[in-house]
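Participant: Residue numbering for the sequence shown follows my numbering, beginning at 5 and increasing consecutively.
Every residue gets a Cβ at the ideal spot worked out from N, C-alpha and C, and that includes glycine.
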Amino acid sequence: MPIAVVNPTTGAIEEEFTAHTPAEVQDRLAKAQAAYQVLRRTPYGQRAAWMNKAADLMEADVDTLAAMIVREMGKPITQARG
5 MPIAVVNPTT GAIEEEFTAH TPAEVQDRLA KAQAAYQVLR RTPYGQRAAW MNKAADLMEA
65 DVDTLAAMIV REMGKPITQA RG
């Protein structure tokens, strides 16, 4: 059964996703655990730099992200940018 992203303002289906199978979920959990074992040894400064870079990328594309929040959550654009 697909999972739908529904625009709460219009009721339109914005996108549909197929749910993962139990095997796919287990595979992703195993990969996440393996990544955690490596990344937990990463120094705090490096992890902070990655998070700052992610924030910079989101701020650079704020209009696109805000439009998505408006469509998917029904937020006013000023709050979505916010």
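Buried or exposed for residue 23, going by 16 or more other Cβ atoms inside 10 Å?
Facilitator: Flag for residue 23 reads exposed.
Participant: If you check the beta carbons only, do residue 75 and residue 11 fall under 8 Å apart?
Facilitator: For residue 75 and residue 11, yes; Cβs fall inside 8 Å.
Participant: Looking at the unbroken beta strand (DSSP E) that takes in residue 6, where does it start and where does it end?
Facilitator: Residues 6 to 10.
Participant: Would you grab the beta carbon distance between residue 84 and residue 64 for me? Rounded to a whole angstrom, and I think it's under 8 Å.
Facilitator: Contact doesn't hold; Cβ gap of about 16 Å is too wide.
Participant: In terms of residue numbering, what span does the alpha helix (DSSP H) encompassing residue 82 cover?
Facilitator: It spans 81 to 85 - the alpha helix (DSSP H) in which residue 82 sits, taken as one unbroken run.
Participant: Between which two residues does the beta strand (DSSP E) containing residue 22 stretch?
Facilitator: Its beta strand (DSSP E) spans residues 17 to 22.
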